[in-house]
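Numbering (our numbering), first residue to last: 1051 to 1178. Ideal placement from N, C-alpha and C gives every residue a C-beta, glycine not left out.
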């Protein structure tokens, strides 16, 4: 008598797929530094997972740009963009399976006078 054929269990496979999807989700961060009361610099970062040319949930650059845009700061200007890994013509290799990181640096606001730690003493005249 032959033993019945064993069927693979689906629960571990489904659990592994669910864990992979959770780990593959994107994340981002945003940091601001104030130079004056009305201006400063920012750094926005984004991570994305790519499988078969589909970026989950979006490209890393879109995530970083939207993160900076969601802060709703006036006069936001991007000064530098870094995308890693970036292989130029061979970039299709990472479209099969990969993780991308993007960092966007820039300025925000309207520059004004730089604040100093010293303040005028009571009764002093400007320029004295």
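When the five nearest sequence neighbours on each side are left out, the beta carbons in the same chain lying within less than 7 Å of the beta carbon of residue 1129 are those of 1155, 1156, 1157, in order along the chain.
Look at residue 1129 here: in three-state DSSP terms it is strand. The continuous beta strand (DSSP E) containing residue 1099 extends over residues 1089-1101. If the five residues before and after residue 1125 are omitted, its C-beta is found closer than 7 Å to the C-beta atoms of 1158, 1159, 1160, all from its own chain and listed in chain order. Annotation: residue 1144 to residue 1110 spans about 13 Å, alpha carbon to alpha carbon.
Annotation for residue 1115: the continuous alpha helix (DSSP H) segment containing it runs 1110-1119. Contact between residue 1099 and residue 1149 holds: CB atoms are separated by about 6 Å, below the 8 Å threshold.
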